[in-house]
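Working notes for the structure below.
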Amino acid sequence: MNRTVAFFAYGALALSLALGFIVTTLQPDTMMQLAGTSSHISARLD
Numbered sequence: 101m102n103r104t105v106a107f108f109a110y111g112a113l114a115l116s117l118a119l120g121f122i123v124t125t126l127q128p129d130t131m132m133q134l135a136g137t138s139s140h141i142s143a144r145l146d
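If you read the sequence shown in this note's numbering, its first letter stands for residue 101, the second for the next number, and so on.
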């Protein structure tokens, strides 16, 4: 695996985690909506 690709992958993961934490702290309802949407998307991918 390319080192740059891994860096961007980990960066995106950390960013999404931080974003999710912020959204959860500010608006739990919005986070639940996002979680439902993401689970819906992953279910469609399967």
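The C-beta atom is built at its ideal place from N, Cα and C for all residues, glycine as well.
Keep in mind the model is a prediction, meaning the values are calculated, not measured.
- Annotated three-state conformation of GLN133 is helix, per DSSP.
- Pairing SER142 with LEU134, the inter-Cα distance amounts to about 12 Å.
- In terms of Cα proximity to SER138, the closest of THR125, ASN102, SER116, GLN127 is SER116.
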